[in-house]
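Mapped onto mature numbering (1 follows the signal peptide of the UniProt record, and there is no 0), the consecutive letters of the sequence shown carry residue numbers -19 to -1, 1 to 129. Report on the following structure.
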Amino acid sequence: MKLKSLLLATLALSPLAQANMDIMTHHAYARATPPNAATSAVFAEIMNRSENDRVIVSASTEAAGKVELHDVIKEGDVMKMRQIESITVPANGKVELKPGSLHIMLFDLTQPLVEGEAIDVQITFANGQKQTFNAPIKKVMSGMKHHH
Ligand SMILES: [Cu+2]
């Protein structure tokens, strides 16, 4: 019993265990794709319960060959996606990745994303912390108007 409580105390004090409890991911999902689509996107609400801003610098998933962090900006009347360097999750705050706004962009999909299945997505923070969350695949109404 003594050993067990000692182990628990050590675990609680370890910076990694501490860090992992600071970040919580809610309502994650990935956009379902038609059979030949090469791209998709992942959305989630990411909460930071620590006293420090946390900066997401990259993301990865086995479902895609390439993953980028994206934002959507308005150029005149046209909404355009662009790659961004990082996404900051403010201290004691949250950031919402959603259609028409911040998202994790998937390129070179290794297989179609089928509604009802799920993918694992790993995000990496500037401090080296990594966090994996599960994103169920859902049909998403396009939040972005496509102008041709
Ligand atoms: Cu994008």
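All C-beta atoms in this analysis are idealised placements derived from N, C-alpha and C, irrespective of residue type, glycine included.
Near ligand 1: Met28 beta-carbon under 8 Å from a heavy atom: Stepping through the sequence shown from its first residue, residue 28 is reached at position 47. Relative to ligand 1, Met28 has its C-beta separated by 8 Å or more from all heavy atoms.
contact_flag[the region 46 to 60, the region 71 to 85] where n(CB pairs < 8 Å) is 3 or more: Judged by Cβ distances under 8 Å, the region 46 to 60 makes contact with the region 71 to 85, as three or more pairs qualify.
8 Å Cβ shell around Lys119 - same chain, five flanking residues per side excluded: By 1-based counting over the sequence shown, the position of residue 119 is 138. Non-local C-beta neighbours of Lys119 in its own chain, meaning closer than 8 Å and more than five positions away in sequence, comprise Tyr10, Ala11, Arg12, Ala13 and Glu96, ordered along the chain.
Closest Cα partner of Phe114 within the set Pro16, Ala19, Thr20 and Met28: Counted from its first residue, the sequence shown places residue 114 at position 133. Cα-wise, what sits closest to Phe114 is Met28.
Cα-Cα separation between Met18 and Leu87, rounded to whole angstroms: For this step, residue 18 is matched to residue 37 along the sequence shown. For this step, residue 87 is matched to residue 106 along the sequence shown. In the sequence on display, residue 18 carries Ala and not Met. Their backbone Cα atoms lie some 11 Å apart in a straight line.
With 16 other Cβ atoms within 10 Å as the buried cut-off, status of Gln112: Here the question's residue 112 lines up with position 131 in the sequence shown. Buried is the call here.
Straight-line gap, Thr6 to Lys75 (C-alpha atoms, nearest Å): Here residue 6 is taken as the residue at index 25 of the sequence shown, counted from 1. Here residue 75 is taken as the residue at index 94 of the sequence shown, counted from 1. Their Cα atoms are separated by approximately 9 Å.
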